[in-house]
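Going by UniProt numbering, 639 is the number at position 639 of the sequence shown; the sequence numbering is gapless.
Ideal Cβ positions, reconstructed from N, Cα and C, are used throughout, including at glycine.
Worksheet for the structure shown next.
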Amino acid sequence: MAEIYGQPVARETPAVHKFGGSSLKDVTAISSVIRTIRSHVRTEDVVVVSANGGVTDQLIQVFNDGTHRLPALRESVQQLVTTVLDQPDALLVSLLEDLELLSSGLSQTTLSVHDVLAYGELWSAQLLSARLHELGIPNHWRDARDILTVDAQNNPVNPAKAVQILLDSKGEGIQILTGFLARNEAGQGITLGRNGSDYSATLVASLLRSSAVYLWTDVDGVYTADPHVIPEARRIPTLTLGEAQALSELGSHVLHHKTINPLLQHPARIIINTCDSDTLGTDVVEQSRAGEGQVKTLAHKSQLVQLTLAGIHELRTRQFQAELTAGQINQYACHYDKTRQVLQLCVEQVDFFRTSQLIRQAGLTLVQQLSGVSLISAVGHNIRQNHRVISQLLGRTARFDVLNIHYPGNDHTLCVLLADEQAEALLADLHAACFDLAPSIPIVVLGYGNIGQQFIRILKDNKASIEQRVKQSLSLVAVANSRHYQYAGECLLDEVIVPDQDNTSGEIYQRLSDYINKPLVLIDLTASEAVAARYPEFVANGWHLISANKLVAADDIRASHLEAELEKQHRRWLTNTTVGAALPIQSSLRKLIESGDQVQAVNGVFSGSLSWIFGQYDGQRPFMEWVRQAHANAYTEPDPRDDLSGQDVYRKALILARQLGFNEARVVFTPAIPDELMAGTLEQFWARSAAIDEHVAGLWKAANEQGKSLCYLASISSQEINVSLQLIDQQHPAAGLRPGDNIFVIDSAWYAGNPLVIQGPGAGREVTAAGVLNDLIEVLQSA
Ligand code: ADP
Ligand code: ASP
Ligand code: MG
C-alpha cells in the first residue's frame, strides 16, 4: 500500500473534480453536474465547488456597496435553493441565519472581504450536498478553511495535517469541499483570488497525489481563443503542462493563475471539459512533441492598468511583487529595467485601488499609470524558438497601435499590450493568421486492426498540430473493417470510434458514393485483396490513395494501370509503409534517382517480423513460441504465414524492384518455412508447430556448427531478385541487427564501395501508423 505523509492510501488515489460557478449557476446546470457525479465521480473522490454562478460577484457588490444589496442576493440564492431541492426548508433556514450574520457583520465592519466572499462557496457546497443526499448519493461537505492553511504565496502549510483530514473522512461518501477558501498562517479565513477554486482543486490533488483532476466548466476544453469572443475558435485536445502554465499566468478564465503550480511537482492529468460533453475535452499532458513551436492558443485579458514605478531596486521589486501576490493581486507583463531601475507591470482595473494603497504604503513612486490596456498573448510550446512564428506574429501586430511587446520568462509565450478598443480586432486577426484553415479533404480509413486503431489514435492526438502544418482541418469521415463500419458526415476524430454498422456486403462504399468526383483520401490499412481490387474504382472516383496494403504495389501490371489512371486524375498514391514501415526507404530511393544517382542493388532484411523471430530464436525456446509472441504483439501480418512464407518480403522486394525499374530481373524465391509445413487452415498450421520447430532447430544447429546464424535475406539488382533464408557470418551487415529491425543496404553509383544503409524498426503498429501519418501529411500538403 502506498503512503502520503505516513497515511496509507490505496494504489488508486482519489481523483479531484472541480465544478465551476458556471456549472452550478442554475437548476439545469446543477442537474448536469449531478449526472457527471453519477458517471465520473467515485466515492473516494473529492469534489471541489465554486460559488453558484454570479454569487461571488453579488457578494463583492454587497461588500463594496453595503447591505442594501443583500435583498437581491437573498432573492437569487433562495430561488436557486427552492428550485434545486425537493425539501429546501432546512437549507433555507441556515441561509437566512447566514444572511443575518452577514448583515450584522457588515454593519459593524467586523467582516473581512474574505469572510463575506466565503459564503458563496459555503452555500454552494451545502446545496450540492443536500441535493445529492436527496438522491441517495452518500456525501458530506466540508469548509476548506478547516483543512487548508496557506502561506502568503498561497503555498500549503502543514500539508501532512491536511492530508490526514482529507483521508480520515474516507468512507463517509464523496467529500464536497468549498473551493476558493483557505486559512492563512494567522488562522484567518482567506480567499484564493478570483477563479481560485481551480487552484484549490489542483492543490488538493497534489496533496492527495491524485492521478487526475477534472475541471468541469461551461466549455468543453481550452480553445484556440476564448470561444465566447472568437466564435471560430476550436477546441485543443491536448496542452502540455508548460503551455497550460503559461496560459494560466495570463489570467485566462479557463485556468486560474496558479492552477498548474501545485502539479509541477506531482504531475496529475488535468482534464478540462463540460458536463454532459460529447467530446474528450482538453487533456493537459506532461509533455508532448506534437505542435512544438506552433501557436496553440491566444489569451486575452482586458481592463488592465499599466503602472510604471521608478527608482526601485531589484530586491525591492521582488518584495513589492510578493506583497501584491499576498494581497491576491495578479500581475501581468511585469518587466524590470535594471539600468533605469524602472518596474512596469499591469494589474486588473478592479485591483488598482488596492495596488495604489500598497504602492503608497511601500513608499514607492508611481510615475505613470495607463488604464484601458489589454494583453493579447500567443501561447505554444517553445514558440519563442520558432523565428518564423514570432516574425509572423510581430508582422500582424504592426498594423495596430501596440504599446509594448512583452517577452515573459518562459519560451512558450509572446505578449502584446495595446488599448482595450483595439484588442478584439487584434485577437481576431491573430486568430485568423494562426488558425484559419482551408476546408478539409475527407479521410477514410479502411482497416481497424492494430495499425488502424493506432493510426487513428495518433491522428487524434496530433490533430491540432497536423492541421497547422497542412493548413486545413482534418476530417475523418469513415472507418471500416470487413465486417463493420462507422460513418459520420463530419469529423469522427472527436468521437469515440465504434464501427458497428454492418459492412459484410461493402455497405461502406454505398455511403461514400456522395464523394464520387470529390477529393477524398482513402487509406488502406488492410491486407485485403477485396479492398485492393477496388483501387481502380477509387482512383476513377477521383480519390487519393495511401496503402499499407502491398497487394497492388507489388503487382507491376496492376500498379502500372493504376498509376496511369492516377496521372490522368491528378491524384496521389503513396505506399511508403509497404516497405520498412516508417523507414524512409522508398522516399530515399526516389530522391537518389531524381537527383541522378543510379541504384545498382538493395540488399538486406526487409521483414521486421522475420527479423524479430529469427533474431530472438536461439535454438532453445521452440521457434513457434516466438512466432506466437510476434503474432500477439502485432509484429506479424494477421496471418503469420504471410511472413513465414516469405511472401511478404517477396512483395516488398517486388515493390522496390519496380521502383528501381528492375522489371526484367530473374526471381529466386524460397519461403522461410517450406510450403508443405504451412498448408491448410490457420488452425492446422498452429497444430503443426512441433514439426516446424523441428525443421528450424535442424537448420539452426547446422548454422551454429559453422559459426553462422539464420537470416531471411532479400537482394535486388537488375539481374536478380533473391529472397531466401541464408546462413550469414558475423561480418554480414545484418548479423548485429536488433530483433525487429530492418536493414536496407543500398549500392549506387554515388555510394559505390561504401553503401548507404537505412536501418531501424521495420514493423509494429507504432512505426507503421507513424509512416502512414507521414504519407497522409504529404498527400494533404500537396492536395
Ligand atoms: P468556471 O465557472 O467553470 O470556473 P470560468 O467562467 O471561470 O468557468 O471559465 C470558463 C470561461 O473561460 C469560458 O466560458 C470562456 O469564456 C473563458 N475562456 C477564456 N479563454 C478561453 C479559452 N482559451 N478556451 C476556453 N475558454 C476560455
Ligand atoms: N467563486 C470564486 C470566483 O467567482 C472562485 C471560483 O469561482 O473559482 O472567483
Ligand atoms: Mg473560474
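Since V305 and Q331 should fall inside the 8 Å C-beta cutoff, what is the C-beta to C-beta distance between them, to a whole number of angstroms? Incorrect: roughly 11 Å between the Cβ atoms, too far for contact.
Using DSSP with H/G/I as helix, E/B as strand and the rest coil, what is V295? coil
Whether T217 touches V49 by CB criterion (8 Å): no
Just the C-alpha distance for G707 and H695, rounded to the nearest angstrom, thanks. 19 Å
Does the pairing of the stretch 378-393 with the stretch 293-305 give three or more beta-carbon distances under 8 Å? yes
So, do the stretch 743-750 and the stretch 597-604 have three or more beta carbon pairs nearer to each other than 8 Å? yes
For P504, which residues of its own chain have a beta-carbon under 7 Å away from its beta-carbon, when the five flanking residues on both sides are left out? It is Thr, not Pro, that sits at residue 504 in the sequence shown. Excluding positions up to five away in sequence, the list reads R483.
Contact check, V757 vs A714 under 8 Å by CB: the rounded distance? Contact doesn't hold; Cβ gap of about 15 Å is too wide.
Going by C-alpha to C-alpha distance, which of T365, V402, I692, G506 sits closest to D675? I692
Would the beta-carbon of G21 be found less than 7 Å away from any heavy atom of the ligand ADP? yes
Contact test: A225 Cβ vs the ligand ADP heavy atom, cutoff 7 Å: yes
Check this for me: beta carbons of L215 and I272, under 8 Å apart or not? yes
To the nearest angstrom, how far is it from the Cα of F435 to the Cα of I390? 15 Å
Could you name the residues of the same chain whose beta carbon sits closer than 6 Å to that of V116, not counting the 5 residues immediately before and after it, in chain order? L59, F63
Taking I458 as part of the alpha helix (DSSP H), name the residues at either end of that continuous run. 450-461
T317, enclosing alpha helix (DSSP H) - first and last residue: 314-326
Do three or more CB pairs link the stretch 218-233 to the stretch 424-431 at distances below 8 Å? yes
Can you name the residues that DSSP bridges to N273? W216
Measure the Cβ-Cβ separation of S356 and A268 and say whether it is below 8 Å. no
Measure the C-alpha to C-alpha separation of Q486 and S595 and round it to an integer number of angstroms. 44 Å
May I ask you to report which of helix, strand or coil DSSP gives M1? Confidence at M1 is low in this model, with a pLDDT of 45, below 50, so the placement of that residue should be treated as unreliable; the coordinate-derived value is given next. In this structure, M1 counts as coil in the three-state DSSP scheme.
Would you mind working out which of E134, Y535, I546 sits nearest L525, comparing C-alpha positions? I546
Residues sharing a beta bridge with R183, DSSP: T149, G189
Spatial neighbours of S206 within its chain, please: C-beta separation below 8 Å, excluding the five flanking residues on both sides. P262, L263, Q265, H266, A268
Ends of the beta strand (DSSP E) at I405? 402-406
Judging by CA-CA distance, which residue of L644, V445, G661, T43 is the nearest neighbour of Y509? V445
Between the Cα of L316 and the Cα atoms of Q303, R457, D337, which residue gives the shortest distance? Rather than Leu, the amino acid found at residue 316 in this sequence is Arg. With distances taken between Cα atoms, R316 lies closest to D337.
Rounded to the nearest angstrom, what separates G608 and K161 at their Cα positions? 55 Å
Using a Cβ-Cβ cutoff of less than 7 Å, which residues in the same chain neighbour P14 once the five nearest sequence positions on both sides are dropped? E44, D45, V46, L208, S210
I want to know whether the stretch 235-255 touches the stretch 183-190 - three or more CB-CB distances under 8 Å. no
Pick helix, strand or coil for V498, following the three-state DSSP scheme. coil
Roughly how many angstroms separate the alpha carbons of P237 and K463, rounded to a whole number? 8 Å
Ends of the alpha helix (DSSP H) at P159? 159-168
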